[in-house]
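Worksheet: one structure, shown below.
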Amino acid sequence: FVLGHPSMDWLPDEVRRREGLIDLPTALRQIHFPDNLDATEVAKKRLQFDELFLYELAHLRSREDLKKLKAPVIVEAIDEVKKFVESLPFDLTGAQRKAAWQIIQDMARSEPMSRLLEGDVGSGKTLVAAMAALNAVASGHQTAILAPTEILAEQHYRTLSRLLDVQAGRCARPGQGDHAGSPVLLTRSHGKDRLDDIANGTVKIIVGTHALLEDKVAFHKLGLVVVDEQHRFGVKQRQAMTTKSGEDIVPHLLSMTATPIPRTLALTLYGDLDISVLDEMPKGRKMIRTKLVRHDGSDAVFEEVRRELDAGRQAFFVCPLIDVSDEIEAKSVIELAESLKKGPLKEYKLAVLHGQMKSEEKQKIMQAFCDGKIDALVSTTVIEVGVDVPNATVMFVEGAERFGLAQLHQLRGRVGRSDLPSFCYLRPSGFVPEATYARLRALVECQNGFELAERDLALRGPGDVYGTVQSGFPGFKLADLFDAPMIARARNSASDLLRKDAGLVEHPEVLARLGEYVRRIHFE
Numbered sequence: 056f057v058l059g060h061p062s063m064d065w066l067p068d069e070v071r072r073r074e075g076l077i078d079l080p081t082a083l084r085q086i087h088f089p090d091n092l093d094a095t096e097v098a099k100k101r102l103q104f105d106e107l108f109l110y111e112l113a114h115l116r117s118r119e120d121l122k123k124l125k126a127p128v129i130v131e132a133i134d135e136v137k138k139f140v141e142s143l144p145f146d147l148t149g150a151q152r153k154a155a156w157q158i159i160q161d162m163a164r165s166e167p168m169s170r171l172l173e174g175d176v177g178s179g180k181t182l183v184a185a186m187a188a189l190n191a192v193a194s195g196h197q198t199a200i201l202a203p204t205e206i207l208a209e210q211h212y213r214t215l216s217r218l219l220d221v222q223a224g225r226c227a228r229p230g231q232g233d234h235a236g237s238p239v240l241l242t243r244s245h246g247k248d249r250l251d252d253i254a255n256g257t258v259k260i261i262v263g264t265h266a267l268l269e270d271k272v273a274f275h276k277l278g279l280v281v282v283d284e285q286h287r288f289g290v291k292q293r294q295a296m297t298t299k300s301g302e303d304i305v306p307h308l309l310s311m312t313a314t315p316i317p318r319t320l321a322l323t324l325y326g327d328l329d330i331s332v333l334d335e336m337p338k339g340r341k342m343i344r345t346k347l348v349r350h351d352g353s354d355a356v357f358e359e360v361r362r363e364l365d366a367g368r369q370a371f372f373v374c375p376l377i378d379v380s381d382e383i384e385a386k387s388v389i390e391l392a393e394s395l396k397k398g399p400l401k402e403y404k405l406a407v408l409h410g411q412m413k414s415e416e417k418q419k420i421m422q423a424f425c426d427g428k429i430d431a432l433v434s435t436t437v438i439e440v441g442v443d444v445p446n447a448t449v450m451f452v453e454g455a456e457r458f459g460l461a462q463l464h465q466l467r468g469r470v471g472r473s474d475l476p477s478f479c480y481l482r483p484s485g486f487v488p489e490a491t492y493a494r495l496r497a498l499v500e501c502q503n504g505f506e507l508a509e510r511d512l513a514l515r516g517p518g519d520v521y522g523t524v525q526s527g528f529p530g531f532k533l534a535d536l537f538d539a540p541m542i543a544r545a546r547n548s549a550s551d552l553l554r555k556d557a558g559l560v561e562h563p564e565v566l567a568r569l570g571e572y573v574r575r576i577h578f579e
């Protein structure tokens, strides 16, 4: 975890003295061969500070570099956005209105917007992104929406199509009804015609995965980039999108995440972004009834599941594994699907979905589920975020103890997306410690993602908090993301150093260490 030669202490003396930290060679020696327990803690504090200081330094420099660039001034299209909002069959929440206005104001400046839209599952982030895209299109600019998976990209395409009154009333399919005002979906399978439409500006809203990052994809007048589940993309990938407008001008950047995290953690992870929070849920959303199921109580649960399916509803079943494992006790997708087909759900139409399938096959299965042709979908966490099937009212998580609370909350959010009563069942694999049951009970007792994050912190304590590893957040080897005082000190020290020496010309050791740090982690 230490870069460079240990004999050279790269941290500036004034920072080390102000923070009361020991020198690096001593810290390395004491962390490996401590004189006593106190010496270990002192060494650990130094190395924790190093990680946080470098992280904050990198993000602050990234933000300053961005400020030097120019972005297109996108005139506020208030009339068009108001007309769109008035056409919706529901009212926006106050949080949605506030976030949309912040974004539209940011886009009207020549300084590139760099904003994070953070909201709980079902809080309406896609609708806010649609308003931002509509604002860009009204000024003659294109919007690119980047999703981490093809399933999520497809979902965004359908949702935006419905919101923008294209293919209304049914799930939209790629290639149908494309025109300048409607979204298009770009995948690796699309040919030259689609690329030409993007390059000449015929289409204005483009949804895709990593395919949008390829060199062959050229934009006509890219004004806004929306990156969904932004922690799953590295900074270099995001930068690849923000250079698509040419060397002299960069598009505005709106990042989104559906993982509610406390503000301290958000400021640490996304120190180079302004933050808008959707902390209200749309009216009419019903609370999802969450149950913790032991294996000896599964029969009654399946009766409840069958009752929902008989009423014409649909169900998700999620497993941590694709196939059978000799090393892990948890059931796999293949095993659970077979047991359901032979047992409690033998009279219903089931399908399997996982990440190793070909893209076309995954899209075909998801479309069939969306169309109601499949009663129950047995899947891995490829359906964790973004998938929106209002008719699905059951989420059954097998091996629930193997998921972080953030992930479980995301999975639960795949149901309860209509005015229908919905249910989430959490079934651990065999015997699990009481502490694990306590963590799962927190999900049963808590519906709010922000509150759940705080509960997880109280249950786990500092360290492995809120399933950050499972959720794809950048990990530290020693630093604690919830150590607010140390985070603040590291950020203040990094900010102070850059204020005095923006180019780190007077601190070549820091510049070299920072370069090695960025190359090593790529912010991924």
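The numbering used here numbers the first residue of the sequence shown as 56 and each following residue consecutively.
All C-beta atoms, glycine included, are put in the ideal place defined by N, C-alpha and C.
- L277 carries a strand assignment under DSSP once its states are collapsed to helix, strand and coil.
- In the DSSP assignment, the residues bridged to D283 are M311.
- Between T491 and E456 the beta-carbon gap is near 5 Å, inside 8 Å, which marks them as a contact.
- Along the length of the segment 359 to 399, whole alpha helix (DSSP H) runs at least 4 residues long occupy 388 to 397, reported in chain order.
- Taken atom to atom, the span from the alpha-carbon of F505 to that of V470 is near 18 Å.
- Taking every protein chain shown into account, the CB of L143 has fewer than 16 other CB atoms within 10 angstroms, so this residue is exposed.
- Its chain contains H275 as the residues whose beta carbon lies nearer than 7 Å to that of N255, once the 5 sequence neighbours on both sides are disregarded; these appear in chain order.
- Comparing alpha carbon positions, the residue from L475, Y110, L172 and W65 closest to R340 is L475.
- Here L218 is buried, its C-beta having at least 16 other C-beta atoms within 10 Å.
- By alpha-carbon distance to A82, the top candidate from P67, E74, A98 and N91 is A98.
- Per DSSP, P203 lies in no alpha helix (DSSP H) and is assigned neither H nor E.
- I343 is the residue among T448, T95, I343 and A370 whose C-alpha sits nearest the C-alpha of Q502.
- With contacts defined by Cβ atoms closer than 8 Å, L172 and S331 form a contacting pair.
- A contact between stretches requires three or more CB pairs, one per stretch, nearer than 8 Å, and the segment 392 to 405 fails this requirement with the segment 150 to 169.
- Counting along the chain, C425 sits inside the alpha helix (DSSP H) bounded by residues S414 to C425.
- Residues of the same chain with a CB within less than 6 Å of the CB of V130, apart from the 5 flanking positions on each side, are S194 in chain order.
- The C-beta distance from T448 to F478 rounds to 6 Å, short enough to fall under 8 Å.
- Of A94, D175, S117 and V140, the smallest CA-CA separation from A187 is found for V140.
- When the five nearest sequence neighbours on each side are left out, the beta carbons in the same chain lying within less than 8 Å of the beta carbon of D430 are those of L364, Q369, A370, L400, Y403, K404 and L405, in order along the chain.
- Only residues of its own chain outside the window of five on either side were considered, and among them none has a CB closer than 7 Å to the CB of N547.
- Pairing A155 with V281 gives a Cβ-Cβ distance that is not under 8 Å.
- Partner residues in the beta bridge of P238, as assigned by DSSP, are I260.
- Taking a contact to require three or more Cβ pairs closer than 8 Å, the segment 559 to 567 and the segment 63 to 74 qualify as touching.
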